[in-house]
Amino acid sequence: SYVDENSVHHERWIKKQDSLGNTVVRNYYTEDGFTKNKLKTETHYRTILQSGDGYTESDPVTTYYVYGDILGELRYVIDPEGGYTWYDYDTEGNIKTVMTFPATEFPIKQAGFHKDNVPTYAEVNDWRLDNKALGKLAQAQRIDYTYDFRGQVLTETTWTRLTESGEGVVGCDNVTRYI
612 SYVDENSVHH
622 ERWIKKQDSL
632 GNTVVRNYYT
642 EDGFTKNKLK
652 TETHYRTILQ
662 SGDGYTESDP
672 VTTYYVYGDI
682 LGELRYVIDP
692 EGGYTWYDYD
702 TEGNIKTVMT
712 FPATEFPIKQ
722 AGFHKDNVPT
732 YAEVNDWRLD
742 NKALGKLAQA
752 QRIDYTYDFR
762 GQVLTETTWT
772 RLTESGEGVV
782 GCDNVTRYI
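Shown next as structure tokens:
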């Protein structure tokens with residue numbers, strides 16, 4: 612079962628709990644601007660303790676959603692262990708590049724981030740650029756997209772090898788073309 616918010620909040624769900632007590636709680640941005648009403652965090656509770664009044668959540672793991680400062684587009688998703696995915700966009704607002712960094716840990720716990728204290732776009736972006744400067748981006752997984760004049764995907768390029776700065780190595784690509 613799940614709990615719906617009222618129609619003022621576009622009927623987003625904020626909490627769902629199954630019959631075993633497994634619980635997921637979503638938190639949304641409330642500030643005015645491009646990020647208002649967008650998903651901020653999603654917390655899964657790994658240990659559910661049954662109390663006299665039902666279930667109590669414990670041992671939370673939170674995924675963070677970080678949006679761009681100008682247009683409010685999704686720029687980063689940070690998993691509970693600090694791995695993250697970066698989204699880059701073209702001038703038309705289409706996703707141009709997706710890079711996933713499972714081995715590079717964003718300092719979630721050290722920085723004190725939690726469901727109500729989400730890292731800002733500037734904090735995450737500066738951290739990613741520092742890793743680029745240190746040549747740590749070769750560990751990432753990268754997919755690049757191109758689009759036709761209608762905004763439909765033309766190619767999807769998955770790179771099997773990256774340079775230290777995160778660029779695809781020529782000859783180490785797998786290109787899917789869409790017709």
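For the sequence shown, the working numbering gives the first residue as 612, with consecutive numbering after it. Note that beta-carbon positions come from the ideal geometry of N, C-alpha and C, so glycine has one too.
- request: Pull up the distance between the alpha-carbon of T673 and that of T708, whole angstroms please.
  value: For T673 and T708, the gap between their C-alpha atoms comes out near 24 Å.
field: Presumed contact (8 Å Cβ cut-off) between A751 and L773, rounded CB distance
entry: 6 Å between Cβ atoms; contact.
message: Less than 8 Å between the C-beta atoms of E775 and L748, yes or no?
response: E775 is a Cβ neighbour of L748, given a cutoff of 8 Å.
task: Might you give, ordered along the chain, the residues of its own chain that have their beta carbon closer than 6 Å to the beta carbon of N638, omitting 5 neighbours on each side?
output: Around N638: K651, T652, K726.
query: Do I790 and T768 have their C-beta atoms within less than 8 Å of each other?
result: By the CB criterion at 8 Å, I790 and T768 fall outside the cutoff.
- prompt: Are there 16 or more other CB atoms within 10 angstroms of the CB of F712, so buried, or fewer, so exposed?
  reply: Here F712 is buried: its Cβ has 16 or more other Cβ atoms, across all protein chains shown, within 10 Å.
query: From I625, M710, Y676, pick the residue whose C-alpha is nearest to that of V698; which is it?
result: The question names Val, but residue 698 in the sequence shown is Tyr. Closest option to Y698, Cα to Cα, is M710.
- request: Evaluate P561 with the Cβ neighbour count: other Cβ atoms within 10 Å of its Cβ, from every protein chain shown; 16 or more gives buried, anything less gives exposed.
  value: One cannot answer for residue 561 here, as it falls past the ends of the chain, which runs 612 to 790.
message: So for R686, helix, strand or coil by DSSP?
response: Of the three classes helix, strand and coil, the one that applies to R686 here is strand, per DSSP.
message: I'd like the ranges of any alpha helix (DSSP H) spanning at least 4 consecutive residues and lying wholly in the region 706–747.
response: The region 706–747 contains these whole alpha helix (DSSP H) runs: 732–744.
query: Given that a residue counts as buried once 16 or more other Cβ atoms are within 10 Å of its Cβ, and exposed if not, what is W624?
result: The residue in question, W624, is exposed, as its Cβ has fewer than 16 Cβ neighbours within 10 Å.
message: Only counting the same chain, and skipping five residues up and downstream in sequence, which positions put a Cβ closer than 8 Å to that of K647?
response: Same-chain partners within the cutoff: Y640, T641.
message: Once DSSP output is grouped into helix, strand and coil, what is the label at Q750?
response: In the structure shown, Q750 sits in a helix (DSSP, three-state: H, G or I).
task: Please go through the same chain and pick out, in chain order, the residues whose beta-carbon is closer than 8 Å to the beta-carbon of D701, but skip the five residues on each side of it.
output: Hits under 8 Å: K707, Y758.
- request: Starting from T771, trace the beta strand (DSSP E) both ways and give me its first and last residue.
  value: First-last for T771: undefined, no H or E at that position.
query: Buried or exposed: which applies to V780, given that a residue is buried once 16 or more other Cβ atoms fall within 10 Å of its Cβ?
result: That one is exposed.
Beta-carbon proximity list for R788, same chain, < 6 Å, skipping 5 on both sides: T766, listed in sequence order.
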